[in-house]
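Trainee: Numbering (the UniProt record's numbering), first residue to last: 1 to 369.
Idealized CB from N, CA, C, for every residue including glycine.
Just so it is clear, the structure is predicted and the values come from calculations on it, not from any experiment.
Structure below; questions to follow.
What follows is the structure, given as structure tokens:
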């Protein structure tokens, strides 16, 4: 793709024209019935018009700049052979918008960030998985380098999904012998004996998000074959006791629902040639009242330990439907209000509302990771 052909300012409106050099990729860039272009227009308040292999962007200086950066990023993805759908379009706009919103103070050291064209990708048999936010890019970089990584943040930020993707990529490349996926079955208190069915039927409902992520990256028959052969193991946290995990990629999901003893037990299973990823959201602890979260304690105790990476996500990094990010933000505001009233002995009505919020946060929101 060439550089912009022209940029004019007329009555506060700016027009940038892009020229693309591969007409075969244009339908993929524009989307079915130009739905990708329509999404960019609606989100950024610009007007897009195509003619031949040229695409003009008209709107405010900021809107056209963000749209141009997003379109260039999407075009590079297509040139690399990556798939393009609405989530990728949303991600490109989000990345471009955050870069445009970055502080411009020359005295302030800029946050080190990869160029949009050089963001890391995890390659699996079903294709490349690219980051959809700068926090995801930082996380993917940590996953590629560190022996142990903590992914901390709200649901929908891709913590677990990207961890599973990295594990699949390493398994396919022969860098590990197997993948071990685990999470605490806290809803049943890890007392699974009273549940009907065999052990697989007992624990599968708690591990379903991990299965879903695997099936996104590998054909279903291959997932099943590798599970049967032991190359992929999915089990409740309680099954990790007394084991040494060597030459494997181990993921502990929903770690906020571990006790300090449980998470210490998991972390000390690490053997030779093993990578570990621990994901969780400290704001969604489902442990009994008064029980301290093992994840919160581990983050404090292990702060600064060499070889451990920590990636933190915020509401702005939610990569699901845009409404999910607004829902997370609303709950965060409610929590902040509740904590403020708790410190000041706030009004009874507000205290009751805060208690309702806290109870609601104890329930699984169903959005997974």
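1. Taking DSSP's pairing of strands, which residues face residue 310 in a bridge?
2. Output the boundary residues of the alpha helix (DSSP H) element that contains residue 233.
3. List in chain order: all unbroken beta strand (DSSP E) runs of 3+ residues lying wholly within the stretch 52-95.
4. Compute the Euclidean distance between the alpha carbons of residue 213 and residue 295, then round it to the nearest angstrom.
5. What is the residue span of the beta strand (DSSP E) that residue 296 lies within?
6. Compare the C-alpha of residue 283 against each of 77, 141, 328 and 323 and name the closest.
7. Per DSSP, what kind of secondary structure is residue 19 in: helix, strand or coil?
8. Taking only the alpha-carbon atoms, compute the straight-line gap between residue 55 and residue 48 and give it to the nearest angstrom.
9. Between residue 37 and the rest of its own chain, which residues show a CB-CB distance below 6 Å, the 5 nearest in sequence each way excluded?
10. Pick from 312, 334 and 170: whose alpha carbon is nearest that of residue 133?
11. So, with DSSP's three-state summary, where would you put residue 279?
12. Please classify residue 221: is it buried, with 16 or more other beta-carbons within 10 angstroms of its beta-carbon, or exposed?
13. If we ignore side chains and look at the alpha-carbon of each, how far apart do residue 131 and residue 140 end up?
14. Which value, in whole angstroms, describes the spacing of the CA atoms of residue 260 and residue 71?
15. Going by DSSP in three states, residue 145 sits in which element: helix, strand or coil?
16. Quick one, which of 172, 65 and 254 has its alpha-carbon nearest residue 232's?
17. Verify whether the separation of the beta carbon atoms of residue 39 and residue 66 is less than 7 Å.
18. From residue 266 to residue 135, what distance separates their C-alpha atoms?
19. Just to confirm, is the Cβ distance from residue 249 to residue 310 under 7 Å?
20. Can you tell me whether residue 323 is buried or exposed? The criterion is at least 16 other CB atoms within 10 Å of its CB, across all chains shown.
21. Please classify residue 217: is it buried, with 16 or more other beta-carbons within 10 angstroms of its beta-carbon, or exposed?
22. Between residue 269 and residue 237, what straight-line distance do the alpha-carbon atoms span, to the nearest angstrom?
23. Tell me the residue span of the alpha helix (DSSP H) that contains residue 169.
24. Please report the straight-line C-alpha distance between residue 230 and residue 64, rounded to a whole angstrom.
25. Using alpha carbons as the reference points, say which of 28, 258, 170 and 24 lies closest to residue 182.
26. Quick one: what's residue 176 bridged to in DSSP?
27. For residue 106, is the classification buried or exposed, using 16 other Cβ atoms within 10 angstroms of its Cβ as the cut-off for buried?
28. Quick check: the Cα distance between residue 251 and residue 87, rounded to an integer number of angstroms?
29. Using the three-state DSSP reduction, which class does residue 50 fall into: helix, strand or coil?
30. Hey, residue 156 and residue 318 are a contact pair by Cβ (cut 8 Å); roughly how many whole angstroms apart?
31. Would you kindly check if the distance between the Cβ of residue 170 and the Cβ of residue 276 is under 7 Å?
32. Whole angstroms is fine: what's the gap from residue 225's alpha carbon to residue 153's?
33. Which residues mark the beginning and the end of the beta strand (DSSP E) in which residue 44 is found?
34. For residue 229, which three-state DSSP category applies?
35. Do you know how far the Cα of residue 331 is from the Cα of residue 41?
36. If you follow the beta strand (DSSP E) that residue 252 is part of, which residue opens it and which one closes it?
Mentor: In terms of the structure at hand:
1. Indexing the chain shown from 1 puts residue 310 at position 310. DSSP, once it has assigned bridges, lists 150 as partnering residue 310.
2. As a working mapping, residue 233 is identified with position 233 in the chain shown. Not the alpha helix (DSSP H): residue 233 falls in the beta strand (DSSP E), residues 232-236.
3. 54-59
4. Position 213 of the chain shown, counted from the first residue, corresponds to residue 213. Position 295 of the chain shown, counted from the first residue, corresponds to residue 295. Approximately 22 Å, taken between the alpha carbons.
5. As a first step, residue 296 must be located in the chain shown, where it is residue number 296. Per DSSP, residue 296 belongs to no beta strand (DSSP E); it is in the alpha helix (DSSP H), 294-301.
6. Working through the chain shown from its first residue, we reach residue 283 at position 283. Nearest C-alpha to residue 283: 328.
7. Translated into positions along the chain shown, residue 19 becomes position 19. DSSP places residue 19 in strand when its eight states are reduced to three.
8. Stepping through the chain shown from its first residue, residue 55 is reached at position 55. Stepping through the chain shown from its first residue, residue 48 is reached at position 48. When rounded, the distance between both Cα atoms is 7 Å.
9. Here residue 37 refers to the residue found at position 37 when the chain shown is read from its first residue. For residue 37, where only same-chain residues beyond five positions count, the Cβ hits under 6 Å are 30 and 48.
10. Within the chain shown, residue 133 is the residue found at index 133, counting from 1. Residue 312 is the option with its Cα nearest to residue 133.
11. Counting from 1 along the chain shown, the entry for residue 279 is found at position 279. In this structure, residue 279 counts as strand in the three-state DSSP scheme.
12. By one-based count along the chain shown, residue 221 stands at place 221. That one is exposed.
13. Counting from one through the chain shown, the residue named residue 131 turns up at place 131. Counting from one through the chain shown, the residue named residue 140 turns up at place 140. Whole-angstrom Cα-Cα distance: 8 Å.
14. Here residue 260 refers to the residue found at position 260 when the chain shown is read from its first residue. Here residue 71 refers to the residue found at position 71 when the chain shown is read from its first residue. Rounded to whole angstroms, residue 260 to residue 71 spans 46 Å at the Cα level.
15. Stepping through the chain shown from its first residue, residue 145 is reached at position 145. Three-state DSSP puts residue 145 in a helix.
16. Locating residue 232 in the chain shown gives position 232, counting from the first residue. It is 172.
17. In the chain shown, the residue the question calls residue 39 occupies position 39. In the chain shown, the residue the question calls residue 66 occupies position 66. Cβ atoms of residue 39 and residue 66: not closer than 7 Å.
18. Here residue 266 refers to the residue found at position 266 when the chain shown is read from its first residue. Here residue 135 refers to the residue found at position 135 when the chain shown is read from its first residue. One C-alpha to the other measures close to 26 Å.
19. The residue labelled residue 249 in the question sits at position 249 within the chain shown. The residue labelled residue 310 in the question sits at position 310 within the chain shown. Not closer than 7 Å, so no.
20. Locating residue 323 in the chain shown gives position 323, where the first residue counts as 1. Exposed.
21. Here the question's residue 217 lines up with position 217 in the chain shown. The residue is buried, with at least 16 neighbouring Cβ atoms inside 10 Å.
22. By 1-based counting over the chain shown, the position of residue 269 is 269. By 1-based counting over the chain shown, the position of residue 237 is 237. Straight-line Cα distance between these residues: approximately 11 Å.
23. Working through the chain shown from its first residue, we reach residue 169 at position 169. Element bounds for residue 169: 159-172.
24. Numbered from its first residue, the chain shown carries residue 230 at position 230. Numbered from its first residue, the chain shown carries residue 64 at position 64. About 52 Å.
25. What you label residue 182 is simply residue 182 of the chain shown in a count that begins at 1. Among 28, 258, 170 and 24, the Cα nearest to that of residue 182 is on 258.
26. In the chain shown, counting from the first residue as 1, residue 176 sits at position 176. In DSSP, residue 176 forms no bridge with anything.
27. For the purposes of this step, residue 106 is taken as residue 106 along the chain shown, with counting starting at 1. Since pLDDT at residue 106 reaches only 46, below the 50 mark, its modelled position is unreliable, and no value is offered.
28. The residue you call residue 251 lines up with position 251 of the chain shown. The residue you call residue 87 lines up with position 87 of the chain shown. For residue 251 and residue 87, the distance between alpha carbons rounds to 25 Å.
29. Start at 1 with the first residue of the chain shown, and residue 50 comes out as number 50. Strand.
30. As a working note, residue 156 is residue 156 in the chain shown. As a working note, residue 318 is residue 318 in the chain shown. Yes, residue 156 and residue 318 are in contact; Cβ-Cβ is about 4 Å, under 8 Å.
31. The residue you call residue 276 lines up with position 276 of the chain shown. The residue you call residue 170 lines up with position 170 of the chain shown. Not a contact, by the Cβ cut-off of 7 Å.
32. Stepping through the chain shown from its first residue, residue 225 is reached at position 225. Stepping through the chain shown from its first residue, residue 153 is reached at position 153. When rounded, the distance between both Cα atoms is 33 Å.
33. Taking the first residue of the chain shown as 1, we reach residue 44 at position 44. Element bounds for residue 44: not the beta strand (DSSP E) but the alpha helix (DSSP H), 35-44.
34. Residue 229 sits at position 229 when you count from the first residue of the chain shown. Three-state result, residue 229: helix.
35. For the purposes of this step, residue 41 is taken as residue 41 along the chain shown, with counting starting at 1. For the purposes of this step, residue 331 is taken as residue 331 along the chain shown, with counting starting at 1. Distance between the alpha carbons of residue 41 and residue 331: 29 Å.
36. Working through the chain shown from its first residue, we reach residue 252 at position 252. Residues 248-252.
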